[in-house]
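Everything on this sheet refers to the single structure shown next.
Protein chains in written order, with full-length UniProt numbering: chain A, 1 to 291; chain B, 1 to 291.
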């Protein structure tokens, strides 16, 4: 299998350092330490597909340092400036960002994903959900703690199922409202409390397209940092090919034959435009197209 | 495969009703509607393994109704009383609760899991993480909204990897601190932002036991409602069997041969006590033991 986008990170997350105040202070005082270069959450990408890094001295005075991990013998950090507002609206996923994601080497995209999700989480979780007090960063940026009720909060990861139903050699693809012309992709939705992956897959396909499935098979997973999803890609077997669209969710849904999916992934024009290689829909369709 | 614990829910979640104020009001005004009977988050279980239900009139005056879904032509609700404090400390998972989980029919345990996770989330997320204001319930209990900054908050599900490493026909099991005598189980840990399932599995096994793995295979998943985890069970191949314990995480780790795992799951005494059937460690070990 082609490794899914945003996987293959090269840093050791060094979980033990997060709990080691002296070790963390030493890492912050290490003159070899690297700081991820970000401009409004956009990465800087070098000509050879690497992330741009600078020294910790380039962080703003009021920044808090988030430990991304260790690599090449050096601690690697990202900076979060309290009060920063971030947006994950589609408009923020600009052509420049999309171009950067295309050009980033795989392991580099993984480091960017972790940093982006973490910064975004701090930006939108500055207050205690349990009592409303402003919280403070702890564990080297991998948590926030409430000074009033002592509740500990950890970066959120939202599990999302993304899947195709298959029937008689064809895959079910859907089209969300407002998507670019020609774009169809695997259906997707957030997993809810009290559900397994397999149950969420069946519920979402039924809700969105009115298709009943069984025999859900897990294929692959990837992080998706807009803001912090865990994408879990699956294939399920449909009982029949009748579609009943939920028009609040989808604009259209189509069945596409395996040969046509193969041709489109190989660059030919067809019923839909191939997903970008960093999206797990690309991995999922590629695996399914092998047959 | 034996269906994992807490799966097989019998209710239709009726996502569309959450967005339909009139439909929801009609459901709340339906005299046939059922309210889940809970005592301090403990379920009432009938002699034939069903959950206990009562009418909506039995909800406290200040309760907020959470729509669990539709079943047998009736809307099903749970009640959340604002200000309620809940605890998921091990002490709260009392022998009575464990006995209830053993006796609940599978689909019933799934309904209980969803209700418990949802109530717990409301109890610990009454304030806006973005600005600190007290939030209000919306979407029939499947969200909270901030009256000040308009941020929408949805029930949290934390993805957790749970896994065995295998080497030469033996499985790696670990023992957490303070666990009951004889208990060993699959290793487990929270997945972090910027990780795939496969990467989290490899990281956790390496962090906790010093074992390097590759070839991670997904086996099954289940919800775990203490408070709201998505457990994702995997098997990975270990490069060798040398163990380096992280003593802050584990008290001990052992390799157990497939024959011995089989015998223990069949009720014989051995190197460890079998996990309860509603835990996915049971499903995982049962699948692995098939060889």
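Idealized CB from N, CA, C, for every residue including glycine.
This structure is a prediction, so every number in the text was calculated from the model and none was measured.
Pick from the options: whose alpha carbon is nearest that of residue i?
{"i": "residue 195 of chain A", "options": "B/7, B/19, B/51 and B/209", "result": "B/7"}
{"i": "residue 33 of chain A", "options": "A/260, A/168, A/253 and A/54", "result": "A/54"}
{"i": "residue 103 of chain B", "options": "B/192, B/143, B/46 and B/239", "result": "B/46"}
{"i": "residue 151 of chain B", "options": "A/154, A/3, A/125 and A/107", "result": "A/125"}
{"i": "residue 118 of chain A", "options": "A/133, A/66 and A/135", "result": "A/66"}
{"i": "residue 85 of chain A", "options": "A/191, A/52, A/116 and A/180", "result": "A/116"}
{"i": "residue 253 of chain A", "options": "A/134, A/175, A/17 and A/73", "result": "A/175"}
{"i": "residue 212 of chain A", "options": "A/59, A/172 and A/260", "result": "A/172"}
{"i": "residue 244 of chain A", "options": "A/75, A/214 and A/207", "result": "A/207"}
{"i": "residue 22 of chain A", "options": "A/133, A/107, A/140 and A/236", "result": "A/140"}
{"i": "residue 193 of chain A", "options": "B/233, B/143 and B/70", "result": "B/143"}
{"i": "residue 70 of chain A", "options": "A/166, A/17 and A/233", "result": "A/17"}
{"i": "residue 256 of chain B", "options": "B/224, B/272 and B/14", "result": "B/272"}
{"i": "residue 11 of chain A", "options": "A/107, A/80 and A/79", "result": "A/107"}
{"i": "residue 210 of chain B", "options": "B/5, B/145 and B/247", "result": "B/247"}
{"i": "residue 63 of chain A", "options": "A/81, A/240 and A/52", "result": "A/81"}
{"i": "residue 190 of chain B", "options": "A/154, A/197 and A/167", "result": "A/154"}
{"i": "residue 214 of chain A", "options": "A/258, A/74 and A/167", "result": "A/167"}
{"i": "residue 284 of chain B", "options": "B/87, B/35 and B/236", "result": "B/236"}
{"i": "residue 100 of chain B", "options": "B/249, B/264, B/145 and B/52", "result": "B/52"}
Compute the Euclidean distance between the alpha carbons of residue i and residue j, then round it to the nearest angstrom.
{"i": "residue 184 of chain A", "j": "residue 98 of chain B", "result": "46 Å"}
{"i": "residue 38 of chain A", "j": "residue 269 of chain A", "result": "36 Å"}
{"i": "residue 138 of chain A", "j": "residue 147 of chain A", "result": "11 Å"}
{"i": "residue 149 of chain B", "j": "residue 131 of chain B", "result": "7 Å"}
{"i": "residue 120 of chain A", "j": "residue 262 of chain B", "result": "46 Å"}
{"i": "residue 68 of chain B", "j": "residue 110 of chain B", "result": "11 Å"}
{"i": "residue 40 of chain A", "j": "residue 94 of chain A", "result": "12 Å"}
{"i": "residue 50 of chain A", "j": "residue 24 of chain B", "result": "52 Å"}
{"i": "residue 302 of chain A", "j": "residue 3 of chain A", "result": "Shown here, chain A extends from 1 to 291; a query on residue 302 of chain A therefore has no answer."}
{"i": "residue 276 of chain B", "j": "residue 282 of chain B", "result": "6 Å"}
{"i": "residue 136 of chain A", "j": "residue 274 of chain A", "result": "43 Å"}
{"i": "residue 1 of chain B", "j": "residue 280 of chain B", "result": "12 Å"}
{"i": "residue 56 of chain B", "j": "residue 28 of chain B", "result": "8 Å"}
{"i": "residue 105 of chain B", "j": "residue 278 of chain B", "result": "10 Å"}
{"i": "residue 114 of chain A", "j": "residue 222 of chain A", "result": "11 Å"}
{"i": "residue 225 of chain A", "j": "residue 31 of chain B", "result": "45 Å"}
{"i": "residue 187 of chain A", "j": "residue 26 of chain A", "result": "47 Å"}
{"i": "residue 260 of chain B", "j": "residue 127 of chain B", "result": "50 Å"}
{"i": "residue 5 of chain B", "j": "residue 13 of chain A", "result": "32 Å"}
{"i": "residue 292 of chain A", "j": "residue 205 of chain A", "result": "Shown here, chain A extends from 1 to 291; a query on residue 292 of chain A therefore has no answer."}
{"i": "residue 197 of chain B", "j": "residue 112 of chain A", "result": "18 Å"}
{"i": "residue 233 of chain A", "j": "residue 74 of chain A", "result": "34 Å"}
{"i": "residue 290 of chain B", "j": "residue 240 of chain B", "result": "22 Å"}
{"i": "residue 258 of chain A", "j": "residue 264 of chain A", "result": "10 Å"}
{"i": "residue 35 of chain A", "j": "residue 87 of chain A", "result": "22 Å"}
What does the Cβ neighbour count give for residue i, buried or exposed, with the cut at 16 atoms within 10 Å?
{"i": "residue 219 of chain B", "result": "buried"}
{"i": "residue 83 of chain B", "result": "exposed"}
{"i": "residue 43 of chain A", "result": "buried"}
{"i": "residue 238 of chain A", "result": "buried"}
{"i": "residue 61 of chain A", "result": "exposed"}
{"i": "residue 123 of chain A", "result": "buried"}
{"i": "residue 19 of chain B", "result": "exposed"}
{"i": "residue 181 of chain A", "result": "exposed"}
{"i": "residue 266 of chain A", "result": "exposed"}
{"i": "residue 169 of chain B", "result": "exposed"}
{"i": "residue 72 of chain A", "result": "exposed"}
{"i": "residue 129 of chain A", "result": "buried"}
{"i": "residue 242 of chain A", "result": "exposed"}
{"i": "residue 251 of chain A", "result": "exposed"}
{"i": "residue 288 of chain B", "result": "buried"}
{"i": "residue 216 of chain A", "result": "buried"}
{"i": "residue 96 of chain A", "result": "exposed"}
{"i": "residue 89 of chain A", "result": "exposed"}
{"i": "residue 48 of chain B", "result": "exposed"}
{"i": "residue 178 of chain A", "result": "exposed"}
{"i": "residue 58 of chain B", "result": "exposed"}
{"i": "residue 9 of chain B", "result": "buried"}
{"i": "residue 15 of chain B", "result": "buried"}
For a contact meaning CB atoms closer than 9 Å, what does residue i contact in chain C?
{"i": "residue 205 of chain B", "result": "Among the chains of the structure shown, chain C does not appear; the protein chains present are A and B."}
**Q.** Cβ contact check for the stretch 148-163 of chain A and the stretch 226-233 of chain A: 3 or more pairs under 8 Å
**A.** The answer is yes - the stretch 226-233 of chain A touches the stretch 148-163 of chain A, with three or more Cβ pairs under 8 Å.
Q.
Tell me whether the stretch 195-209 of chain A and the stretch 162-178 of chain A touch, counting them as touching only if at least three CB pairs, one residue from each stretch, are closer than 8 Å.
A. Enough Cβ pairs lie closer than 8 Å, so yes.
Q | Complete runs of the beta strand (DSSP E) confined to the stretch 231-282 of chain B [at least 3 residues] | A | Taking only runs of at least 3 residues, the beta strand (DSSP E) segments lying wholly in the stretch 231-282 of chain B are 250-257.
(Q) List, from N- to C-terminal side, the beta strand (DSSP E) runs of 3 residues or more that fit wholly inside the stretch 122-206 of chain B. (A) Scanning the stretch 122-206 of chain B from its first residue to its last, the whole beta strand (DSSP E) runs of 3-plus residues come out as 136-138, 143-145, 158-167, 170-176 and 187-190.
Q. What are the start and end residues of each continuous beta strand (DSSP E) run of 3 or more residues lying completely inside the stretch 49-91 of chain B, in chain order?
A. For the stretch 49-91 of chain B, the continuous beta strand (DSSP E) assignments of 3+ residues that do not extend past its boundaries occur at 53-55, 64-71 and 74-80, in sequence order.
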